[in-house]
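Undergrad: Sharing a structure below in structure tokens format, with a few things to ask.
Protein chains: 2
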Amino acid sequence: MLYLIGLGLGDAKDITVKGLEVVRRCSRVYLEAYTSVLTVGKEALEEFYGRKLILADREEVEQEADNIFKDADVSDVAFLVVGDPFGATTHSDLILRATKLGIPYQVIHNASIMNAVGCCGLQLYKFGETVSIVFWTDTWRPESFFDKVKKNRQNGMHTLCLLDIKVKEQSLENLIRGRKIYEPPRYMSVNQAAQQLLEIVQNQRARGEEPAITEETLCVGLARVGAEDQKIAAGTLQQMCTVDLGEPLHSLVITGGTLHPLEMEMLSLFSIPESQSINGL
Amino acid sequence: MLYLIGLGLGDAKDITVKGLEVVRRCSRVYLEAYTSVLTVGKEALEEFYGRKLILADREEVEQEADNIFKDADVSDVAFLVVGDPFGATTHSDLILRATKLGIPYQVIHNASIMNAVGCCGLQLYKFGETVSIVFWTDTWRPESFFDKVKKNRQNGMHTLCLLDIKVKEQSLENLIRGRKIYEPPRYMSVNQAAQQLLEIVQNQRARGEEPAITEETLCVGLARVGAEDQKIAAGTLQQMCTVDLGEPLHSLVITGGTLHPLEMEMLSLFSIPESQSINGL
Numbered sequence: 001m002l003y004l005i006g007l008g009l010g011d012a013k014d015i016t017v018k019g020l021e022v023v024r025r026c027s028r029v030y031l032e033a034y035t036s037v038l039t040v041g042k043e044a045l046e047e048f049y050g051r052k053l054i055l056a057d058r059e060e061v062e063q064e065a066d067n068i069f070k071d072a073d074v075s076d077v078a079f080l081v082v083g084d085p086f087g088a089t090t091h092s093d094l095i096l097r098a099t100k101l102g103i104p105y106q107v108i109h110n111a112s113i114m115n116a117v118g119c120c121g122l123q124l125y126k127f128g129e130t131v132s133i134v135f136w137t138d139t140w141r142p143e144s145f146f147d148k149v150k151k152n153r154q155n156g157m158h159t160l161c162l163l164d165i166k167v168k169e170q171s172l173e174n175l176i177r178g179r180k181i182y183e184p185p186r187y188m189s190v191n192q193a194a195q196q197l198l199e200i201v202q203n204q205r206a207r208g209e210e211p212a213i214t215e216e217t218l219c220v221g222l223a224r225v226g227a228e229d230q231k232i233a234a235g236t237l238q239q240m241c242t243v244d245l246g247e248p249l250h251s252l253v254i255t256g257g258t259l260h261p262l263e264m265e266m267l268s269l270f271s272i273p274e275s276q277s278i279n280g281l
Numbered sequence: 001m002l003y004l005i006g007l008g009l010g011d012a013k014d015i016t017v018k019g020l021e022v023v024r025r026c027s028r029v030y031l032e033a034y035t036s037v038l039t040v041g042k043e044a045l046e047e048f049y050g051r052k053l054i055l056a057d058r059e060e061v062e063q064e065a066d067n068i069f070k071d072a073d074v075s076d077v078a079f080l081v082v083g084d085p086f087g088a089t090t091h092s093d094l095i096l097r098a099t100k101l102g103i104p105y106q107v108i109h110n111a112s113i114m115n116a117v118g119c120c121g122l123q124l125y126k127f128g129e130t131v132s133i134v135f136w137t138d139t140w141r142p143e144s145f146f147d148k149v150k151k152n153r154q155n156g157m158h159t160l161c162l163l164d165i166k167v168k169e170q171s172l173e174n175l176i177r178g179r180k181i182y183e184p185p186r187y188m189s190v191n192q193a194a195q196q197l198l199e200i201v202q203n204q205r206a207r208g209e210e211p212a213i214t215e216e217t218l219c220v221g222l223a224r225v226g227a228e229d230q231k232i233a234a235g236t237l238q239q240m241c242t243v244d245l246g247e248p249l250h251s252l253v254i255t256g257g258t259l260h261p262l263e264m265e266m267l268s269l270f271s272i273p274e275s276q277s278i279n280g281l
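Keeping their order, the protein sequence lines are chains A and B.
Number 138 in the UniProt record's numbering belongs to position 138 of the first sequence; there are no gaps in the numbering.
Number 127 in the UniProt record's numbering belongs to position 127 of the second sequence; there are no gaps in the numbering.
This is the structure we're talking about:
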């Protein structure tokens, strides 16, 4: 049996009791470590689970996955995913390949940012399509996701923006030279995401278009959701450029315009103090 | 401290390790038992947690909640919610009232149907606004939620339909006579939801409108998501009227029209066999 087990969002203890029992009895346990991260590393998980974990990188999971599937038809193999196994589409693909090989699978769900984002007080059922914001480079500055934000806002829906993660990336030079030297991991902050969003807004204005959001659009920045030191800040998009949310992971919500009074009241618990306002910090 | 703890979707062991530790050390533990249910009852939870649970009904939670808040500023009180605490808006309200009383709170997240629905293979980020389908009565047959389904489909988004739950309901007679006698709990099945949807479609046609969905629209029925005996069935809305998914809870997804090839392939794992097709059962 192949078990896909969600680890939730905080630390080692956010696994479910059911998930932990399975981890402890499986013959091999893989940790998917490229779509998201917890607030603790592999070693802390190994210590708490009492099991060695095998890091699975993107190549391994998205290619053959032969190692992962080996003997999974006759023994139990666990594949651990931060959040819920269905947060990333790549895991559907893993299930399809397992099924084709005649390997049965079972999913043990957990919280993902897709539902835990509700902790900011915005109502979950009012979220429209989720978007991903990637790190811009000098030559690649995609803006197409912005159409989805626009459509969501036109429909009065909030937009959850998942922020880019770069782990096990090679520099261009190392890539060209075939050197398996990896850059330090990078996690997009709410500040960076907000700055990229503002640049898109300015580009649209420069082209004479009316942008779907402005510097004043109400947003919510979230950091380390589910951890004890999670931070939530509600304020304008401009404020999101400078608010200090600390360590990764960060997520950003662009609100959908009209808010329910209950949503407003919840957001007020997290509003950015004056000292951190547009001109502050 | 007031702890809001998600129990996930299956049975007693779907609580997180962190959640279980808190439950075991709190001075009082409440179980919210009117927005959703697990596949096991209060007694099974009490046995596994090793704690007595106090059932909290809608009146208690939505009114003063004095009992729940009592001493929560100086001791630890747990409030358990099936799924994730932010699946239902009523729990935001509980947090707001706690905050006003100066009671600190912490949330321990878990899977909710809002993210676990991804197990059917439809991509989570392509879900639009979630709707609720309520039991119709002879005199109350709301159709307004259908506009949201329409809007979602126009935008190519899937619609998660949460199906009605009636627990601790009084018959009209008992209500009028002030008798606290409650009807047996009722949980809407995918069959019932699909039949109500088809009736709306027929009503719209009778009024000369073009309905956003038809008998042939691809839907997914889900039952007991997260439990070992979960069932998923993909087929037409017409098929959803007769497919047998067994015990509660059920949920229904109306697909958003164009599917990603990966979504199609995942759904094919769950397609209803010919024998259960439109004329079958």
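Just so you know, even glycine gets a beta-carbon here, dropped at the ideal spot from N, CA and C.
Going by other Cβ atoms of all chains shown within 10 Å of its Cβ, with 16 needed for buried, is Pro104 of chain B buried or exposed?
TA: Per the 10 Å Cβ criterion, exposed.
Undergrad: Using a Cβ-Cβ distance under 9 Å, would Ile133 of chain A count as near chain B?
TA: Not closer than 9 Å to any Cβ of chain B, the Cβ of Ile133 of chain A fails to qualify, so no.
Undergrad: Compare the beta carbon distance of residue 290 of chain A and Leu9 of chain A with 9 Å and say whether it is the shorter of the two.
TA: Outside the modelled stretch of chain A, which goes from 1 to 281, sits residue 290 of chain A, for which no answer is possible.
Undergrad: Going along the chain, which residues of its own chain have a beta-carbon closer than 6 Å to the beta-carbon of Val167 of chain B, five neighbours each way excluded?
TA: Excluding residues within five positions, the ones whose Cβ falls inside 6 Å are Tyr34, Pro185.
Undergrad: Alpha carbon to alpha carbon, how far is Ile95 of chain B from Leu80 of chain B?
TA: Answer to the nearest angstrom: the Cα atoms are 13 Å apart.
Undergrad: Shorter than 9 Å from the beta carbon of Pro248 of chain B to some beta carbon of chain D?
TA: In the displayed structure, chain D is absent; the protein chains listed are A and B.
Undergrad: Considering only residues of the region 176-231 of chain A, which uninterrupted beta strand (DSSP E) runs meet the minimum length of 3 residues and lie entirely inside it, listed in chain order?
TA: Whole beta strand (DSSP E) segments, 3+ residues: 218-223.
Undergrad: Going by the beta-carbon positions, is the gap between Arg24 of chain B and Tyr49 of chain B smaller than 9 Å?
TA: Contact: yes.
Undergrad: Hey, Glu59 of chain A and Lys52 of chain A are a contact pair by Cβ (cut 8 Å); roughly how many whole angstroms apart?
TA: Wrong, their Cβ atoms sit about 21 Å apart, outside the cutoff.
Undergrad: Would you say Gly208 of chain B faces chain A, with C-beta separation under 9 Å as the test?
TA: Judged by the 9 Å Cβ criterion, Gly208 of chain B is not in contact with chain A.
Undergrad: Counting pairs of Cβ atoms below 8 Å between the region 222-232 of chain B and the region 124-137 of chain B, do you hit three or more?
TA: The region 222-232 of chain B, when compared against the region 124-137 of chain B, does not touch it at the 8 Å Cβ threshold.
Undergrad: Whole angstroms is fine: what's the gap from Ala234 of chain A's alpha carbon to Lys180 of chain B's?
TA: Taking the straight line from one Cα to the other gives about 44 Å.
Undergrad: Ile108 of chain A to Leu237 of chain B, Cα distance in whole Å?
TA: Cα to Cα, Ile108 of chain A sits roughly 28 Å from Leu237 of chain B.
Undergrad: Which residues in chain B sit within 7 Å of Asn119 of chain A, going by Cβ to Cβ distance?
TA: It is worth fixing the name first, because residue 119 of chain A is Cys in this sequence and not Asn. Under the 7 Å cutoff, chain B gives Phe86, Val107.
Undergrad: Per DSSP, what are the beta-bridge partners of Thr236 of chain B in this structure?
TA: Note: Thr236 of chain B sits in a beta bridge opposite B:Leu218.
Undergrad: Taking DSSP's pairing of strands, which residues face Gln106 of chain A in a bridge?
TA: For Gln106 of chain A, which the question treats as bridged, DSSP gives the partners A:Tyr3.
Undergrad: To the nearest angstrom, how far is it from the Cα of Glu143 of chain B to the Cα of Lys126 of chain B?
TA: In a straight line, the C-alpha of Glu143 of chain B is about 23 Å away from that of Lys126 of chain B.
Undergrad: Which residue from A:Asn203, A:Gly19, A:Ser251 puts its Cα closest to that of Ser132 of chain A?
TA: When only C-alpha atoms are compared, the closest one is A:Ser251.
Undergrad: What separation, rounded to the nearest whole angstrom, lies between the Cα atoms of Leu267 of chain B and Gly121 of chain B?
TA: Distance between the alpha carbons of Leu267 of chain B and Gly121 of chain B: 6 Å.
Undergrad: Nearest chain A C-beta to Leu71 of chain B closer than 9 Å, yes or no?
TA: The sequence shown places Asp at residue 71 of chain B, rather than the Leu named in the question. So no, Asp71 of chain B is outside the interface.
Undergrad: Under 9 Å, CB to CB, which of the residues in the region 6-19 of chain B have a partner in chain A?
TA: Those would be Gly6, Gly8, Leu9, Gly10, Asp11, Ala12, Lys13, Asp14, Ile15, Thr16, Val17, Lys18, Gly19, in chain order.
Undergrad: Between the alpha carbons of Ser277 of chain A and Gln239 of chain A, how many angstroms are there, rounded?
TA: Because the pLDDT at Ser277 of chain A is just 48, under 50, the model does not fix this residue reliably, and the point stays unresolved.
Undergrad: Which residues, taken in chain order from the region 183-199 of chain A, show a beta carbon closer than 9 Å to some beta carbon of chain B?
TA: Result list empty, no residue passes.
Undergrad: Keeping to the same chain, check which residues put their C-beta closer than 6 Å to that of Thr255 of chain B; ignore five residues upstream and five downstream.
TA: Within the same chain, Thr255 of chain B has close Cβ partners His158, Leu218.
Undergrad: Pick helix, strand or coil for Ser132 of chain B, following the three-state DSSP scheme.
TA: It is a strand residue.
Undergrad: Under a CB-based cut-off of 9 Å, is Phe127 of chain A close to chain B?
TA: True, the Cβ-Cβ gap to chain B drops below 9 Å.
Undergrad: Using DSSP's beta-bridge definition, name the partner residues of Tyr30 of chain B.
TA: B:Ile54, B:Phe79, per the DSSP bridge assignment.
Undergrad: Just the Cα atoms here: how many angstroms apart are Asn279 of chain A and Arg207 of chain A?
TA: Reliability fails at Asn279 of chain A, whose pLDDT of 43 lies under 50, so the model's placement of it is uncertain and the value that follows must be treated cautiously. Going by the C-alpha atoms only, they are around 27 Å apart.
Undergrad: Rounded to whole angstroms, what is the Cα-Cα separation between Leu162 of chain B and Thr130 of chain B?
TA: So the alpha carbons of these two residues sit roughly 7 Å apart.
Undergrad: What's the call for Leu7 of chain A, buried or exposed, on a 16-neighbour Cβ count within 10 Å?
TA: Label assigned to Leu7 of chain A: buried.
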